[in-house]
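Notes to accompany the following structure.
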Amino acid sequence: MKELKILLILIVIVAIGYWGIEPYAHSVMHGEIKKPDYKYSDLQTTALTTGDPVKGKELFMANCASCHGLKNDGINPGMDKNAAIASFNVVPPDLSNIASIVDHKFLAAFIKNPQEATKNPKFAMPPMAQLSDEDVGHVIAYLSSVAKKDLTGKDITVEACGRCHSIKYQKIQAETPADNLKAYLGKVPPDLSVMGKAKELEYLETFINNPQNGLPGTSMPRLGLTQEATEKVVKYLDEIADPHREQRNKLGVWVLGYLVVMAGLTYAWKRKIWKNLH
Amino acid sequence: MRLMDWLDERLAIRQLIKVMLTEYYVPKNINFLWSFGVLVMLVFAILVVSGIFLLMYYKPDSHLAFDSVNKTIMMDVEYGWLFRHTHAVGASIMFLVLFIHMARGIYYGSFKPPREIVWITGYILFVLMSATAFTGYLLPWGQMSYWAAQTITTLFEKIPFIGPDLVVWIRGNYIVEDATLTRFFALHVVFLPLLLIVFTAIHLYAVRIPGSNNEDGIELTKEEKKHGKGVPFWPVFMAKEFFVMSVFLIFFFYLVFYQYKFAMDPINFTPADYLQTPTHIYPEWYFLAFYEVLRGFFFSQNLGLIAFVLSMFIAAFLPWLDTSPIKSAKHRPIYKILFWIFIADFVFLTILGKLPPTGLYAWLGFFGSLVFFAFFLTLPILSKIEKKKVAGGR
């Protein structure tokens, strides 16, 4: 009984210490993580759902194709990669699947004013003020018609993050060279190989949703990903950062089971030797 | 038995077994807290074994270190993650076990005559273990590794006259760099573990002579222990130790498999960057109390540094600070209160150590630090009072 009391005291002290160093310190240092806003409610634009893809393609060719390609529809960008890097320090994305991963309301606001939508005043793409709301609706309808629907977490991560971020351990190299990224953003964006461990998943989700929430002043633009796309990216980052989780969970059961048996045997041995002592 | 005879002729092995195990008597009136010594040995063994496996793949080079840990060991090597988690959790749990082992010594007066050498060698082991942990922490070359090393080595700058030169000498460069990593690696894997083994041997030898203390703090003669009041170390006491070890291992491997994150700072999964300081820099949990003493004297850097060094070493002088003839807190009501205030203060400082040192927290740290030292400085006075009491005078 006395020994159990001592054990209890130890457990209480360790538990208080643990609570103070982990959850409590964490709440003081990081505060509450804001909830991601997938409605992008700060943007005034409304997404038109009644666009015409055929008109959209015409508008795309006239307004977007000088910089952006669209592989799904066999459209190559008017500007080659190196020329784009030389002009903007960043490669404009191929827009094949953009409508599957980016929220349409965000996309509409982005086309009209990229700096405001991304919350990045240095964003390289100029505002497309010449397009009316209706035109934007057509373009989005066109983009939706060509976009693949069931993209994996890896596909989305490469499409959404791969122009700036490398994922070294997955042999994924950022599309834009490091020196140009540094000139464009101020620093080379971090490698994402173990980002799933470096940051909490909840934080990552909020951060991707709005980088300014997690890191005010960061040059990472807001991407406008949908909830589904964001969650897939976070899940992918988590999986690649911890590829052995399943193996660990399985082995853990065996090791702990073995140790419980050991504890039973050693207790029996102790009883056998000590029973004649008192 | 032939082998035993053969060995006995050459090494007197039967005599050795008697002295070390079968005729080394441990008092019966001790609780499981006395098993924490063997737990320290167990964790040390786990650290050595897992460390050797890590050593086979780790690269002590500032360009390769991070990836050799986070890619090669954690992802490519079969069960590499198991060795890394075991090593990281082991390092953390080592200090938990050490703190409990030391707190037991303080509570029951195990540092008092004739056990001063046991306490001193034990304290040296604690300091060596701290140095081992600190040097090992740099090796994964993450952000927190790097900045912890940068911060702690900067402290040496304050030493009069030689400080700035000493810092460069320790780092092997003006900043923490490849040279620092390589030398910390050498210290962590060879020099410090060797010293730890040597001092463990002395520590165990030193406790074999006066024997273990007990809950009552009343010394038993060898005869008393042999006839009723003690049990032979082998097999009787060890039977209990094995049970304690098994239970401990359940807890330990539960942490390794399911809660290993507590021993790994997330910031350390970002590679070291000497151009970017993390928002908060703090050491691992086991140094937080001492770190808080350093920050506690926020109004004077020099005073903070002196207090920090003192806080790390003051407990080594316990045998001379506490000279009361009564050993165990069981029979010392005032000491008991002081002890629990000290423990509460230590936990309090540990928690504060991770919080930002501003406003109220800074002042709480200052008062917490004062309470920390007050425990040690009251002991000589308490000893005098208790001496008078025992002698019957007032």
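Chains L and V, in that order, give the protein sequences. Just so you know, my numbering puts 58 at position 57 of the first sequence, and the rest follows in order with no gaps. Just so you know, my numbering puts 262 at position 153 of the second sequence, and the rest follows in order with no gaps. Even glycine gets a Cβ: it sits at the ideal position worked out from N, Cα and C. Bear in mind that the values here come from a model prediction, so they are computed numbers and not experimental data.
May I ask which residues mark the beginning and end of the beta strand (DSSP E) holding residue i?
i, result
"tyrosine 134 of chain V", "134-136"
"proline 341 of chain V", "339-341"
With H, G and I counted as helix, E and B as strand and the rest as coil, what does DSSP make of residue i?
i, result
"isoleucine 271 of chain V", "coil"
"isoleucine 226 of chain V", "helix"
"proline 442 of chain V", "helix"
"glycine 251 of chain V", "strand"
"proline 178 of chain L", "coil"
"isoleucine 173 of chain L", "strand"
"proline 380 of chain V", "strand"
"isoleucine 168 of chain L", "strand"
"lysine 463 of chain V", "coil"
"tyrosine 283 of chain V", "coil"
"glutamine 385 of chain V", "coil"
"tyrosine 217 of chain V", "helix"
"glutamine 45 of chain L", "coil"
"asparagine 322 of chain V", "coil"
"cysteine 65 of chain L", "coil"
"aspartate 454 of chain V", "helix"
"tyrosine 185 of chain L", "helix"
"proline 392 of chain V", "coil"
"aspartate 117 of chain V", "helix"
"isoleucine 327 of chain V", "coil"
"glycine 57 of chain L", "helix"
"isoleucine 311 of chain V", "helix"
"isoleucine 496 of chain V", "It should be noted that the sequence gives lysine, not isoleucine, for residue 496 of chain V. Note: lysine 496 of chain V maps to helix in three-state DSSP."
"lysine 35 of chain L", "coil"
"valine 195 of chain L", "coil"
"glycine 501 of chain V", "coil"
"proline 190 of chain L", "coil"
"lysine 370 of chain V", "helix"
"leucine 234 of chain V", "helix"
What residues match up with residue i in a beta bridge as DSSP calls it?
i, result
"proline 302 of chain V", "The partner list for proline 302 of chain V (beta bridge, DSSP) is empty, contrary to what the question assumes."
"glycine 474 of chain V", "None; glycine 474 of chain V has no bridge partner."
"isoleucine 76 of chain L", "L/Leu71"
Enumerate in chain order the residues of its own chain whose CB-to-CB distance from residue i is below 7 Å, with the five nearest sequence positions on each side excluded.
i, result
"glycine 245 of chain V", "Ala200 and His297"
"asparagine 277 of chain L", "none"
"leucine 304 of chain V", "Leu237"
"threonine 46 of chain L", "Lys106, Ala109, Ala110 and Lys113"
"proline 387 of chain V", "Gln252, Met253, Trp256 and Ile376"
"methionine 80 of chain L", "Ser67 and Cys68"
Check for me: the alpha helix (DSSP H) holding residue i runs from which residue to which?
i, result
"threonine 267 of chain L", "246-275"
"methionine 63 of chain V", "Any question about residue 63 of chain V goes unanswered here, given that chain V covers just 110 to 503."
"tryptophan 20 of chain L", "3-20"
"phenylalanine 422 of chain V", "410-422"
"glycine 201 of chain L", "It should be noted that the sequence gives glutamate, not glycine, for residue 201 of chain L. Careful: glutamate 201 of chain L lies outside any alpha helix (DSSP H) and carries neither H nor E."
"tyrosine 367 of chain V", "347-367"
"tyrosine 400 of chain V", "397-405"
"alanine 84 of chain L", "82-89"
"threonine 50 of chain L", "No alpha helix (DSSP H) contains threonine 50 of chain L, which DSSP labels as neither H nor E."
"isoleucine 435 of chain V", "Per DSSP, isoleucine 435 of chain V belongs to no alpha helix (DSSP H) and is neither H nor E."
"alanine 161 of chain L", "154-162"
How about residue i: is its Cβ closer than 7 Å to a heavy atom in the ligand NAP?
i, result
"proline 115 of chain L", "The ligand NAP is absent from the structure shown, which contains no ligands of any kind."
Who are the Cβ neighbours of residue i in its own chain at under 8 Å, not counting the five residues just before and after it?
i, result
"leucine 226 of chain L", "Ile102, Val103, Asp104, Ile157, Ala161, Ile209, Asn210 and Val234"
"asparagine 138 of chain V", "Asn323, Glu324, Asp325 and Lys338"
"phenylalanine 111 of chain L", "Val103, Ala118, Thr119 and Gly225"
"asparagine 377 of chain V", "Pro249, Gly251, Gln252, Met253 and Ser254"
"proline 489 of chain V", "Leu430, Asp431 and Thr432"
"isoleucine 182 of chain V", "Leu163, Tyr166, Tyr167, Gly189, Trp190, Phe192 and Arg193"
"isoleucine 209 of chain V", "Leu142 and Phe145"
Go through its chain and collect everything with a Cβ distance to residue i's Cβ below 6 Å, but skip five positions before and after it.
i, result
"glutamate 401 of chain V", "Leu458, Leu461, Gly462 and Gly474"
"phenylalanine 162 of chain V", "Phe192"
"glutamate 495 of chain V", "Ser433 and Ile435"
"valine 356 of chain V", "none"
"leucine 148 of chain V", "Val206 and Phe357"
"proline 344 of chain V", "none"
"phenylalanine 175 of chain V", "Trp250 and Pro380"
What ranges does the alpha helix (DSSP H) occupy inside the segment 121-194 of chain V, keeping only unbroken runs of at least 4 residues that lie completely in it? 122-126 and 145-164
#### Entry: Those runs of the alpha helix (DSSP H) which lie wholly inside the segment 91-149 of chain L and span at least 4 residues
99-102, 105-113, 115-119 and 134-147
In chain order, what are the residue ranges of uninterrupted alpha helix (DSSP H) at least 4 long that sit wholly in the segment 203-246 of chain L?
212-215 and 228-242
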